[in-house]
Amino acid sequence: MNERLLRFLVNDLNLDVKQLQEIWKQSSSLKKFIYQIINQNIISSDKLVSEIARKLREGRLTLEDIEDSIPAELYEKVLKQYARLSGIEFIDLDTYGIDVKLTSKVSSSQLKKIKAIPIKETDLSILVAVSDPLDIGAQDAIQRLFPRKPVKIVLASKNQIETYLNKLELNENIKEYINEIRKDLQHGVGDKDNLEESSAILKLIEAILKTAILSRASDIHIEPTETNCVVRNRIDGILTEKFIFDRDIYAPLASRLKLLANLDIAEKRKPQDGRFSETIMGKEYDFRISTLPIVYGESIVMRILDKSKAMIPLEEAGMSKHNFEIFTKALRTPYGIILVTGPTGSGKSTTLYGALNMLRSVEKKIITVEDPVEYQINLVQQAQVNPKIGFTFAAALRSILRQDPDIIMVGEIRDEETIRIAVQAALTGHLVLSTLHTNDAISAINRMIDMGIEPYLVSGALIAIEAQRLVRKICPHCKIETELEPEIYKEIKEYLPQEYRFFKGKGCKHCEFSGYSGREMICEVLKVDDDIQRMIAREEPKEKIQEVAIQKGFRSMLQDGIFKAIEGSTTIDEVLRVTRL
44 MNERLLRFLV NDLNLDVKQL QEIWKQSSSL KKFIYQIINQ NIISSDKLVS
94 EIARKLREGR LTLEDIEDSI PAELYEKVLK QYARLSGIEF IDLDTYGIDV
144 KLTSKVSSSQ LKKIKAIPIK ETDLSILVAV SDPLDIGAQD AIQRLFPRKP
194 VKIVLASKNQ IETYLNKLEL NENIKEYINE IRKDLQHGVG DKDNLEESSA
244 ILKLIEAILK TAILSRASDI HIEPTETNCV VRNRIDGILT EKFIFDRDIY
294 APLASRLKLL ANLDIAEKRK PQDGRFSETI MGKEYDFRIS TLPIVYGESI
344 VMRILDKSKA MIPLEEAGMS KHNFEIFTKA LRTPYGIILV TGPTGSGKST
394 TLYGALNMLR SVEKKIITVE DPVEYQINLV QQAQVNPKIG FTFAAALRSI
444 LRQDPDIIMV GEIRDEETIR IAVQAALTGH LVLSTLHTND AISAINRMID
494 MGIEPYLVSG ALIAIEAQRL VRKICPHCKI ETELEPEIYK EIKEYLPQEY
544 RFFKGKGCKH CEFSGYSGRE MICEVLKVDD DIQRMIAREE PKEKIQEVAI
594 QKGFRSMLQD GIFKAIEGST TIDEVLRVTR L
């Protein structure tokens, strides 16, 4: 509890003290107290921001007093106002291109000591971001590091400065590889004819791959900009910047990666796709690589394929007991269609692989048609589509039906022809599993009808529809209890039980200060029983089908997510982020 900030709120703002005391009794934290006094119109958020900024400028409050005690959206506004009062600029480092050549002139340990980061050099000065413009000692120390030009101070948030200093430290650890690559380039090793000889570039690639795997990344993005080469990793569905290299490192890095994947290194005008395998920390990983020509070169994206992640049993993927029972009961049905729906990157393939894992046995013939086949599964025959030779999903499905299968998995239903064959297969005694891109389970019914399938066929073929999203899990090492914001409470109060608690991750070294570690699904499962079949055949509206489904125990994705947040596995912010459409 920050007493100095609380005293300022109660004593310095000329507000009704009795009213504030009443609100304080009902508030379990300073943040909740601030939300309440704004929501009850005791003070406007703009007035509060300008008063806090003024006190910071006068030195009567410090940035430490406010950084964890006021809501995040107000904190940034306070920083901007504080910068204006101090006569300096406020900069968002995430949207500002930092000059890596400039930062590499000073060691990251020196910059960490003074909590500052040089970001740009002009003809007249060096632009340096600091988190506290009143720290004169730090400013003197920065000036000593850059004695030839005057230093110009700008304000940035402390968290952003710390994040970028950590990235620079990581870059320093691979500086020797960068220097070796430069030497190779100077001696002609590392150009496209001599890439095989450059071991430094291979060490750099290994460092990039190892860093991504250690941080549980699913994809690695290598992007050239006007001045730098940026490496970003997608961790738990969110992109985070890992390395920033000088621009000259990009060309040998891109060429070496293309060589690894057997791509044409001379072709830079057309997109290319390939794959390669690499042993990292004693374990073999597959990498699927895609290149795309952009203004400053080629954007390179590598998908990390880890078989152990794909073969997660359904019960461990995060499906609630209620939904798991409905879904597995549907999987035991001998014929019909089961659809898994959701946007790209919502874990649909993992759910389908989990279902196949549960169904596979010596007694059953299971055939899949995928684009592409990412993971091989024992006892499952897997076919990969190839549109160039006319082997499309529809053509593959027709051939599969002549192979006497019991269970068919279609990677994705993209057109009427594919869905019509899938429906016919379901109606003639096969269990068909497939995916559709819809926002929720009930919307899949309308999508099938819109694609040209007659409602009576849809009603006869469908067994169940599962819709899902992936939410980030709270880091167990820094999990703390938190309060609901008033606006969010109003939005979800009808779903809340009488007693509830919510949690969040404070941020620690285990989760790279994100507060999250890993992901799991939230989902909804619509069981298509006799009543719902009749409604589909009669083309009843979506709302009526939903009404009947809820009476029969259907639980929406939002409800499923709220239960997960109350259990403490994710945050309510995450649930709303993925379910708000």
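Okay, so the sequence shown: first residue is 44 according to my numbering, each after it adds one.
From the three backbone atoms N, C-alpha and C, an ideal C-beta is built for every residue, glycine too.
Just so you know, these numbers come straight off a predicted model, no measurement behind them.
Asked                                                                                                                             : Found
Reference isoleucine 265, options Leu296, Ser258 and Lys246, closest by Cα                                                        : Leu296
Residues bridged to phenylalanine 546 (per DSSP)                                                                                  : Glu524
Contact between the segment 556-574 and the segment 399-412 (3+ Cβ pairs under 8 Å)                                               : no
Neighbour flag for alanine 592 against chain B, beta carbons, 9 Å                                                                 : The structure shown has no chain B; it contains just one protein chain.
Under 9 Å between C-beta atoms of alanine 243 and tyrosine 207                                                                    : no
Residue span of the beta strand (DSSP E) that contains serine 392, given as start and end                                         : Per DSSP, serine 392 belongs to no beta strand (DSSP E); it is in the alpha helix (DSSP H), 391-402.
Supposed close pair glycine 280, leucine 513 - CB separation, criterion 8 Å                                                       : 6 Å
Coil, strand or helix - glutamate 239 by DSSP                                                                                     : Note that glutamate 239 scores 46 on pLDDT, short of 50, meaning its location in the model is unreliable; the coordinates nonetheless yield the value given after this. Correct three-state label for glutamate 239: helix.
Asparagine 54 versus glutamate 46: straight-line alpha-carbon distance, rounded                                                   : 12 Å
Nearest-angstrom Cα separation, counted from serine 320 out to cysteine 551                                                       : 33 Å
Buried or exposed by the 16-neighbour rule on C-beta atoms within 10 Å, applied to lysine 585                                     : exposed
Beta-carbon gap between leucine 479 and isoleucine 451 smaller than 9 Å                                                           : no
Selected residue, minimal CA-CA separation from alanine 294, among Arg225, Glu249, Gln79 and Pro356                               : Arg225
Supposed contact pair glutamate 327 and leucine 335 - C-beta distance, whole angstroms, cut 8 Å                                   : About 27 Å; that fails the 8 Å criterion.
Under 9 Å between C-beta atoms of isoleucine 15 and tyrosine 125                                                                  : Residue 15 lies beyond the range of the chain shown here (44 to 624); nothing can be said about it.
Residue span of the alpha helix (DSSP H) that contains serine 261, given as start and end                                         : Careful: serine 261 lies outside any alpha helix (DSSP H), inside the beta strand (DSSP E) at 260-267.
Cβ pair count under 8 Å reaching 3, the segment 522-529 against the segment 477-492                                               : no
Residue burial classification, asparagine 421 (beta-carbon count within 10 angstroms, cutoff 16)                                  : exposed
Collapsed DSSP secondary structure at threonine 411 in the structure displayed                                                    : strand
Distance between isoleucine 605 and valine 618 (C-alpha atoms, nearest Å)                                                         : 7 Å
Phenylalanine 286, DSSP secondary structure in three states                                                                       : strand
Beta-ladder partner(s) of serine 625, from DSSP                                                                                   : The displayed coordinates of the chain run from 44 to 624. Any statement about residue 625 would go beyond what the structure contains.
Assigned exposure category for aspartate 236 - 16 Cβ within 10 Å defines buried                                                   : Unreliable positioning characterises aspartate 236 in this predicted model, as indicated by a pLDDT of 48, which lies under 50. The coordinate reading is nonetheless provided below. When all chains shown are included, aspartate 236 counts as exposed.
Beta-carbon contacts of alanine 608 that lie in its chain and below 8 Å, excluding the five residues immediately before and after : Phe545, Phe546, Thr614, Ile615, Glu617 and Val618
With 16 other Cβ atoms within 10 Å as the buried cut-off, status of lysine 391                                                    : buried
Neighbourhood of isoleucine 204 by C-beta, 8 Å cutoff - its chain only, sequence neighbours within 5 removed                      : Leu136, Lys158, Ala159, Ile160, Ala172, Val173 and Ser174
Distance CB(glutamine 182)-CB(valine 197) smaller than 9 Å                                                                        : no
Beta-carbon proximity check, glutamate 567 vs alanine 510, cutoff 9 Å                                                             : yes
Between the CA atoms of isoleucine 263 and glutamine 69 - distance to the nearest angstrom                                        : 47 Å
Valine 121 versus leucine 170 - alpha carbon distance                                                                             : 22 Å
Residue interval of the alpha helix (DSSP H) (run including serine 151)                                                           : 151-157
Nearest candidate by alpha-carbon position, reference glutamate 107, set Ile485, Asp178 and Lys218                                : Asp178
Identity of the residues DSSP links to valine 475 by a beta bridge                                                                : Ile380 and Ile451
Closest by C-alpha distance to serine 200, when choosing among Phe370, Lys407 and Ile109                                          : Ile109
Reduced DSSP category for proline 114 - H, G, I as helix; E, B as strand; rest coil                                               : coil
Close-in-space but distant-in-sequence residues of the same chain around alanine 96 (CB under 7 Å, 5 per side omitted)            : Val121, Gln124, Tyr125 and Leu128
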